[in-house]
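J.:
In full-length UniProt numbering, the protein residues as written are 1 to 369.
Structure (structure tokens):
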């Protein structure tokens, strides 16, 4: 597979912009929204898959591309899942460094689920990030604010301003709802990578998806605590993307950028365990792409998502009632992903040069404390 150079990508980008509007990377059905920039609060358990989503979103901020939804990452909260929460924050800081965006505030959140202390996932390595970073983690700085307190205060003081993109177990979000029951209703919109919609899953059992299965009680609280329909990327949609490991390694992995070099190391464990014809699944990256470019998914189907929390083999399983008989809809299920569009968007975003990184963020007392 030939090496992908910056000039090749520049030529591709020029070709895209010579096309009429309806043939561009992510064509608008009409003029851009008048509602302005979508300000994002990210909740992550980074996770190499979270890192890809973060890098896509931050690259889009650099592009100022009118065919993409204008977004700005305001803050990132960390929760245990792919790794212990302090390693999650370390992984997030490494991601922000690669993106040249150490100015974004990062907050430590819940380190265990609401009722049970589950083992962290290991698909991306012991630390969720390819096991290449040093294990040492800096101690909390004096005055650090817990993620849940930071989130609830930001949203309470700015109702309707923020969009939540949750890429992890929903422990932080559930705790925020217990502190402020209007937390999600005061969001502009809510996106979540998690759940199974059609009996699939990624945990070897029907209906079980890793983020919900890690903290079913948190998911139950979230899905039953808002009048706002949550945009959900289920595990089946991520599996339907059908992008091969060969493309990930030979095409995306050949891009010479700080972002891709980081992802190649962070995804090393999962990529080495797969064969070239095996699928490459990155649900968080897909959800971020769908937020930036809504036509990455072709369908948004309303339904009522239910979570099993009783002890037993079904605990942590989810399913979606699309019939309307089980109660009011609480989700829009994102389905039928466009593989070609996702790949083109990922290549463009992850080859975007990052800005010169500034100093690490210090939370503003008036907003966060």
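All residues carry an ideal CB built from backbone N, CA and C; glycine is no exception.
1. Any idea if residue 351 is buried or exposed, counting beta-carbon neighbours within 10 angstroms, 16 or more meaning buried?
2. With 8 Å set as the bound, which would you pick, yes or no: does the beta-carbon of residue 339 sit closer than that to a beta-carbon of chain D?
3. Have a look at 335, 272 and 262 and flag the residue whose alpha-carbon is nearest the alpha-carbon of residue 132.
4. Going by the beta-carbon positions, is the gap between residue 316 and residue 234 smaller than 8 Å?
5. Evaluate contact between the segment 46 to 59 and the segment 270 to 290, counting only Cβ atoms and requiring at least three cross-stretch pairs below 8 Å.
6. Is it the case that the segment 229 to 243 contacts the segment 186 to 205, given that we only count it when at least three CB pairs across the two stretches are under 8 Å?
7. Can you grab the Cα-Cα spacing for the pair residue 337 / residue 119, in whole Å?
8. Can you list, in chain order, the residues of its chain with a C-beta nearer than 7 Å to that of residue 335? Leave out the 5 residues immediately preceding and following it.
9. With C-beta atoms as the reference, is residue 339 less than 8 Å away from residue 241?
10. Would you be able to state if there are at least three C-beta pairs under 8 Å between the segment 156 to 171 and the segment 70 to 87?
11. Does residue 186 pass the burial test, meaning 16 or more other C-beta atoms within 10 Å, or should it be called exposed?
12. Got a sec, what are the start and stop residues for the alpha helix (DSSP H) residue 393 sits in?
13. Count the other C-beta atoms from every protein chain shown that fall within 10 angstroms of the C-beta of residue 142, then say buried if there are 16 or more, exposed otherwise.
14. Kindly list the residues whose CB is nearer than 6 Å to the CB of residue 326, restricted to its own chain and excluding five residues on each side of it in sequence; keep chain order.
15. Just to confirm before moving on: does the CB-CB distance between residue 210 and residue 308 stay below 8 Å?
16. By the DSSP assignment, the alpha helix (DSSP H) with residue 289 in it spans what residues?
17. For residue 41, write down the residues that DSSP places opposite it in a beta bridge.
18. Can you check which of these residues, 199, 156 and 251, is closest to residue 179 by C-alpha distance?
19. Could you tell me which whole beta strand (DSSP E) segments of length 3 or greater appear in the segment 278 to 352?
20. Between the C-alpha atoms of residue 30 and residue 310, what's the straight-line distance to the nearest angstrom?
21. What's the C-alpha gap between residue 181 and residue 306?
22. From what residue to what residue does the alpha helix (DSSP H) around residue 123 run?
23. On the premise that residue 128 lies in contact with residue 172, defined as a C-beta separation below 8 Å, what is that separation, rounded to the nearest angstrom?
24. Inspect the beta-carbon positions of residue 53 and residue 287 and report whether they are closer than 8 Å.
T.: According to the data block:
1. Around the beta carbon of residue 351, 16 or more other beta carbons lie within 10 angstroms, which makes this residue buried.
2. Any reference to chain D falls outside this structure, which holds one protein chain only.
3. 262
4. no
5. yes
6. Cβ pair count under 8 Å is three or more, so yes.
7. 31 Å
8. 237, 297, 299 and 301
9. yes
10. yes
11. buried
12. Within the shown structure, residues of the chain are numbered from 1 to 369, placing residue 393 beyond reach of any answer.
13. With a pLDDT of 43 at residue 142, under the threshold of 50, the modelled position of that residue is not reliable, and no figure is offered here.
14. 304
15. For residue 210 and residue 308, no; Cβs fall outside 8 Å.
16. Start and end: 283 to 292.
17. 75 and 164
18. 156
19. 297 to 307, 318 to 321 and 331 to 337
20. Its pLDDT being 37, under 50, residue 30 is placed unreliably in this model, and the value from its coordinates should be taken loosely. If you take the alpha carbons of residue 30 and residue 310, they lie about 47 Å apart.
21. So the two alpha carbons sit approximately 19 Å from each other.
22. Taken as a continuous stretch (DSSP letters only), residue 123 belongs to no alpha helix (DSSP H), as it is neither H nor E.
23. Contact doesn't hold; Cβ gap of about 16 Å is too wide.
24. The answer is yes: Cβ separation under 8 Å.
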